[in-house]
Amino acid sequence: MPKTLARVALLFVAGYTAAALASATTFVVGDDKGWTMGVDYVAWVRGKTFEVGDKLVFNYPGTEHTVTEVGKNDYFACAGGDALSNDRSGSTNVTLVGPGTRYFICDIPGHCTIGMRLAVTVAGGEPPPVASPTSAAAASAPATQHTMVPIVVTVVVAAAAATGALTKLALL
Ligand SMILES: *[C@@H]1O[C@H](CO)[C@@H](O)[C@H](O)[C@H]1NC(C)=O
Ligand SMILES: [Cu+2]
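Residues 998 to 1169 (our numbering) make up the sequence shown, in order.
Quick look at the structure:
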């Protein structure tokens, strides 16, 4: 019985990953206008749903702008000095590898302050397969917990494998 449960958990994680990969969307930031001044990126984000595995494509003349990823505070302060990453190649692709908000600014002086910045929030899309076996184990006698351990380990390994698959996709 525990073996069956473990298989179900594994299938669940594998299925979730497959679904996430299959539905990956590529967003061209600013659409036809691209990454430039005079575009309202707050409005551009509005109404869009970003999911784990989706990709952002920034198109811009490489000498004129940068795609600089920063933390939340630096996003609001338009400060690129402590950047997480910086690119000015003219074509910057960013894969949204996990849930949470990511912040991008243009680090050319004056550009961010007049609106050349983008905050994208990725929906919390983590699979919850550990939840039921763990809470079931916690609620039952210690003897039952022993049989639950291999299931939890399997789920963790499966989750790690799924993360690995996502990471590989991110590198494509
Ligand atoms: C970025 O993504 C676009 C659209 O998917 C693709 O055409 C382009 O080759 C990618 N650029 C890089 C540097 O990977
Ligand atoms: Cu700029």
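Note that CB positions come from ideal geometry on N, CA and C, so glycine has one too. In this text the structure is predicted, and so the values were computed from the model without any measurement.
Residue i (DSSP reduced to helix, strand or coil)
| i | result |
| --- | --- |
| lysine 1069 | helix |
| aspartate 1104 | coil |
| aspartate 1084 | strand |
| threonine 1033 | coil |
| serine 1132 | In this prediction, serine 1132 scores a pLDDT of 40, lower than 50, which makes its location untrustworthy; no coordinate-derived value is stated. |
| glycine 1078 | coil |
| threonine 1092 | strand |
| valine 1064 | strand |
| threonine 1098 | strand |
Start-to-end residues for the beta strand (DSSP E) that takes in residue i
| i | result |
| --- | --- |
| valine 1054 | 1052-1056 |
| alanine 1116 | 1114-1119 |
| threonine 1023 | 1023-1025 |
Residue interval of the alpha helix (DSSP H) (run including residue i)
| i | result |
| --- | --- |
| valine 1042 | 1038-1042 |
Cβ separation of residue i and residue j, assumed to be a contact under 8 Å, to the nearest whole Å
| i | j | result |
| --- | --- | --- |
| glycine 1031 | glycine 1059 | About 12 Å separates the two Cβ atoms, so there is no contact after all. |
| valine 1117 | threonine 1098 | 7 Å |
| valine 1049 | glycine 1095 | 6 Å |
| valine 1025 | leucine 1115 | Not a contact, Cβ separation roughly 12 Å. |
| phenylalanine 1047 | valine 1119 | 5 Å |
| said: Tell me whether the stretch 1060-1078 and the stretch 1091-1104 touch, counting them as touching only if at least three CB pairs, one residue from each stretch, are closer than 8 Å. | reply: yes
| query | Taking contact to mean at least 3 C-beta pairs separated by less than 8 Å, is the stretch 1072-1085 in contact with the stretch 1037-1054? | reply | They do not touch, by the three-pair rule.
| said: For the stretch 1028-1043 against the stretch 1070-1077, do three or more pairs of beta-carbon atoms, one drawn from each stretch, fall closer than 8 Å, so that the two count as touching? | reply: no
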